[in-house]
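Input: a single structure, listed below in structure tokens.
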Amino acid sequence: MGDELEELYRTTYATVVRFLYRKVWDADRAHDLAQEVFIRAMAHRPEKPRAWIFAVAANLARDEARAAVRRKRHLTLLKEDPATMPYCPPPADEMVEEDERRAKVDEALATLTKRDREVLLLWDAGLSYPEIAQQTGLAVGAVGTTLARARKRLVDAYDRSEQENRAAHS
Amino acid sequence: MRHIPEDELHAYLDQALSRSQCVEIERHLARCPRCQVQRDDIAALRDRTTALLARVGPPPIIPPAFETIMARAAAREHRRWRWLRAGAWAASVGVVLFLGWWMSDHLFRVEPRSIATATPTTPQAPVAPPAAVVPSPASTRPASVARKPRPKPAPLQLVRASRPVGTEAPTATGFALATETDPQTLSDGAAPDRLTLASTPLEMNDLIAQPVGDIPGLNGLWRTIVPDEETADRRGDIALVPGLPVVQMRVQPGTAGQDVTAVDQMLESGEMIRTISGPAARVVTLVDEEAAADSANLRMAGGTTDHMTVTIRQADRMVAVTGPAQALGSLLARVNIKNAKRRY
């Protein structure tokens, strides 16, 4: 069992971090959460560790997102009070091209429905159809349909923003 | 001809279909150019999606050593157990506190003057129900009764040793369990005679504990008495510790009819405790006589020297109890409890 988990850790850790990163958008946080997931797995010894790990990762990311929303709300409140507004340096004019493209993918992902995005990210993290179905509550047969739609929407959204960008520059 | 649905092609490329499904799709693809195009489109879409998502991946990931994760998991498990242990400990403390409260509420609310009795050690001894668990009427009294300003407290009473009439003469060790909560079982229906030592409030100042090297010997002329004989023909009052089997009971006739009695009783531990009662001057003399007289058949096992004497003096009357310090300590503690819980 320990060996199985260790093997899973070696093969899956990076995927879990990637999966988490696309939800929390913070590499350090993604690493923290991924380690938390494996620590819990060690205490819990789940029967289907792989599916379990992604399920727990998704839950942790969801909690994290809720906390982020709360923080954002708090910041908004702070902003409304000029006395407590912290000094913010103006954003750098030059964004690295890499960051720009990344931001565009973020935006494209944001256009997807929650379920489509989840299925797409789970698939990208290496989960099988049955595993995705188990975690999202979809029927296995519906995973293909959802993935087909999600892929198309992501690429469409990205291409659209690329075109808009090009039009803006020209 | 039925073309392959889009989602099935996704599943096919994602290798999420069964072998038979795959065979069927491949057979169709082999002769359907339209589905071939669509398959290629979907393959491209898949690749683009993967490429796009790869861009939003985190910086290169170097997983920490598995041992680190294991150590952290072990540490957390350890903490969890510590908390569980602490929780269990706290719970048990709670249970003990509750039991203590419950017992103080239910067990110690017997008549304040009574002392919990031990069970008889010999079959001949009359069976007295454990006094401690018999709730006395006092416990049901409203608390407001206790707020009377300094009422006359009940005097300390020592129960006269008596034996039910009509039973066979008990052996010396078989004698005497005296309780105040249920004296009827001992005196066979007759109200027990009690030696009233205190007519004024008993204060802790009246209890003088003085350590002695050993249990004092008993000098002078003593007559060993069989308790029931004594009670039958003399109506004498003999001070003793209720609830302990009597090993020996002796009397020394004193002036003006004031006898001195000495009762040796056995503690549960097997050690001896002696109660001397009589005129204060005589009792003090007896207690002070530390010489181990041969008349004393109290030979403490192992030659224990950790004995002390507690005296209760009331005017010219005195009761001196000599025994192992620990046993007397618990007796004193009972006196304390009695005083603290006394209700009037």
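Heads up: the protein sequence lines correspond to chains R and H, in order. Residue numbering for the first sequence follows the numbering used here, starting at 1 and increasing by one per position. Residue numbering for the second sequence follows the numbering used here, starting at 171 and increasing by one per position. Where is the CB? At the ideal position from N, CA and C, for every residue including glycine.
With a threshold of 8 Å between beta-carbons, can valine 193 of chain H be considered close to chain R, or not? no
Leucine 223 of chain H and aspartate 124 of chain R: beta carbons closer than 8 Å? yes
Do alanine 490 of chain H and threonine 481 of chain H count as a contact pair if the criterion is CB distance below 8 Å? yes
Does any residue of chain H bring its CB to less than 8 Å from the CB of serine 170 of chain R? no
Use the C-beta contact count for proline 312 of chain H: other C-beta atoms within 10 angstroms, 16 or more gives buried, fewer gives exposed. Its pLDDT being 45, under 50, proline 312 of chain H is placed unreliably in this model, and the coordinates cannot settle the point.
Through-space distance from valine 421 of chain H to leucine 456 of chain H, alpha-carbon basis: 13 Å
In terms of alpha-carbon separation, which member of R/Tyr129, R/Ala168 and R/Gln135 lies closest to aspartate 177 of chain H? Of R/Tyr129, R/Ala168 and R/Gln135, the residue nearest in Cα terms is R/Tyr129.
Residues bridged to glycine 448 of chain H by DSSP? H/Met488
When the Cβ atoms of the region 202-217 of chain H are set against those of the region 3-23 of chain R, are three or more pairs found closer than 8 Å? no
Buried or exposed by the 16-neighbour rule on C-beta atoms within 10 Å, applied to tryptophan 52 of chain R: buried
Contact residues within the region 142-154 of chain R, judged by C-beta distance below 9 Å to chain H: Flagged, chain order: Ala142, Val143, Gly144, Thr145, Thr146, Leu147, Ala148, Arg149, Ala150, Arg151, Lys152 and Leu154.
Express the C-alpha separation of alanine 186 of chain H and alanine 68 of chain R in angstroms, rounding to a whole number. 35 Å
Would you list the one or two residues that DSSP bridges to threonine 136 of chain R? None; threonine 136 of chain R has no bridge partner.
Between arginine 115 of chain R and chain H, is the shortest Cβ-Cβ distance under 8 Å, so that the two count as touching? no
Does the CB of valine 207 of chain H have a neighbour CB from chain R at under 8 Å? no
Contact with chain R by glutamate 438 of chain H, beta-carbon distance below 8 Å: no
How big is the Cα-Cα spacing for alanine 221 of chain H and proline 234 of chain H? 26 Å
Residues that aspartate 434 of chain H bridges to, as DSSP identifies them: H/Gln418 and H/Arg444
Considering only the alpha carbon of each residue, which of R/Arg45, R/Pro46, R/Ala148 and R/Arg117 lies closest to proline 175 of chain H? R/Ala148 is the residue among R/Arg45, R/Pro46, R/Ala148 and R/Arg117 whose C-alpha sits nearest the C-alpha of proline 175 of chain H.
Name, going along the chain, the residues of the region 440-460 of chain H whose beta-carbon falls closer than 9 Å to a beta-carbon of chain R. none
Proximity of leucine 254 of chain H and arginine 209 of chain H at Cβ, strictly below 8 Å: no
Consider the Cβ of valine 105 of chain R: report whether some Cβ of chain H lies at a distance smaller than 8 Å. Valine 105 of chain R has a beta carbon lying within less than 8 Å of a beta carbon in chain H.
Beta-carbon within less than 7 Å of valine 37 of chain R's beta-carbon, same chain only, minus the 5 sequence neighbours each way: which residues are those? Val16, Ile53, Val56, Ala57 and Leu60
I'd like to know whether the C-beta of alanine 110 of chain R is nearer than 8 Å to at least one C-beta of chain H. Taking Cβ atoms only, chain H never reaches closer than 8 Å to alanine 110 of chain R, which makes this a no.
Would you mind sorting valine 207 of chain H into buried or exposed? The rule is 16 or more other CB atoms within 10 Å of its CB. exposed
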